[in-house]
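I have placed the structure first, in the form of structure tokens, so that the comments after it can refer back to it.
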């Protein structure tokens, strides 16, 4: 007799009950349905767990929207939520797979009261977010797509929470769209930043945008030289660019010169190495390309000395870039 070994089979189909499709789905918000079906999908394939941030990322939602969806489904009885630790981790039991009785054909008084409670909660959740509001219409045109109900609510929330006028909110969205940043997470970050800076009027918003564009005009010259797309710049690199231009006070030409030195020394551009060069120049008061040229003509590893027969009085130092490379890369240890 031969033994037949069977491998576990995980279906690629998400099963929804007719009860969910007929009754619950039409009354729920679209983003709530997305969250529920996604949870159902991971439950049915045996996934141990997922995070709210993961669900937000794959569904294009805010994490707060995911949490609202979980609370909604818990309220209407399709999920059972239990907090399991002090960090807010939750255990979720999906009840849709059980044989649910349609609330409308239940005769008992407790069931009727539950239905009334659920209906009130669903109506509250389905309140329109002023879809025809002129501000929301303009934002939708700027973003090139219809706004979801949660996005519309978020923009209206900016008015109440941060005291931003409609004109300021539209300017903010326009600014983000021009940068190629249209996610609500990014836009909300800008709103929080503007609030912290006290940017509440259109005039202040325009001044801020102009200042930002002037700053990024300088950044783009360096990024283009390095072959980096300005939309793909991580925050640490952006912070370095701001330091080079506005803390150290170097010109674009000086920063590009440091880029050349990095490439010649390493065969590639290393922003940490560039920062080391610029920091050394700042320390030794080397501010122009002429200063760099004079410095490079001096003997290697010479000691600091006062320049002679010059009208200006500043200290110049010759840098051993090989030694600088070893220190920056940790090769001297």
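Residue numbers (the UniProt record's numbering): 1 to 333.
We put the beta carbon where it would ideally sit given N, CA and C, even for glycine.
Owing to the predicted nature of the structure, the values given are computational and were not obtained by experimental measurement.
Q: May I ask you to report which of helix, strand or coil DSSP gives residue 25?
A: helix
Q: Have a look at residue 16 and residue 181 and give me their C-alpha separation to the nearest angstrom.
A: 35 Å
**Q.** Helix, strand or coil at residue 79 [DSSP, three-state]
**A.** strand
Q: Compare the Cα-Cα distances from residue 334 to each of 253, 61, 163 and report the closest residue.
A: With the chain covering 1 to 333 only, the question about residue 334 has no answer from this structure.
Q) Start and end of the alpha helix (DSSP H) containing residue 148? A) Neither: residue 148 is in no alpha helix (DSSP H) and is coded neither H nor E.
Q: Go through its chain and collect everything with a Cβ distance to residue 189's Cβ below 8 Å, but skip five positions before and after it.
A: none
Q: Give, in chain order, every unbroken run of the alpha helix (DSSP H) that is at least 4 residues long and sits entirely within the segment 152-228.
A: 166-178, 184-196, 202-226
(Q) From the DSSP secondary-structure annotation, give me the bridge partner or partners of residue 90. (A) 83
Q. Between which two residues does the alpha helix (DSSP H) carrying residue 60 extend?
A. Neither: residue 60 is in no alpha helix (DSSP H) and is coded neither H nor E.
Q: Could you check what DSSP says for residue 285 in three-state terms: helix, strand or coil?
A: coil
Q | For residue 183, the nearest candidate out of 160, 56, 236 (CA to CA) | A | 56
Q) Beta carbon of residue 241, beta carbon of residue 219: below 9 Å? A) yes
**Q.** residue 12 in three-state terms, based on DSSP
**A.** coil
Q: Determine the burial state of residue 262: buried for a count of at least 16 other Cβ atoms within 10 Å of its Cβ, exposed for fewer.
A: buried
Q) Should residue 157 be labelled buried (16 or more other beta-carbon atoms within 10 Å of its own) or exposed? A) exposed
Q) Using the C-alpha atoms, what's the distance from residue 238 back to residue 160? A) 31 Å
Q. Grouping DSSP H, G and I as helix and E and B as strand, with all else coil, what is residue 95?
A. coil
Q) Hey, would you say residue 92 sits closer than 9 Å to residue 61, going by beta carbons? A) no
Q: Confirm, please, whether the CB-CB distance from residue 250 to residue 278 is below 9 Å.
A: yes
Q: Could you tell me how far apart the beta carbons of residue 173 and residue 223 are, in whole angstroms, since I believe they sit closer than 8 Å?
A: No, residue 173 and residue 223 are not in contact; Cβ-Cβ is about 24 Å, not under 8 Å.
Q.
Beta-carbon within less than 6 Å of residue 135's beta-carbon, same chain only, minus the 5 sequence neighbours each way: which residues are those?
A. 166
Q.
For residue 209 and residue 139, I'd like the C-alpha separation in whole angstroms.
A. 17 Å
Q: Less than 8 Å between the CB atoms is what I'm expecting for residue 289 and residue 257, so what's the real figure, rounded?
A: 6 Å
Q: Closer than 6 Å by C-beta to residue 226: which residues in its own chain qualify, once you throw out the five before and the five after it? Chain order, please.
A: 269
Q. The alpha helix (DSSP H) spanning residue 38 covers which residue range?
A. 30-44
Q: With residue 338 as the anchor, note down where its alpha helix (DSSP H) starts and where it stops.
A: This structure does not reach residue 338, given that the chain is present from 1 up to 333, and the question cannot be answered.
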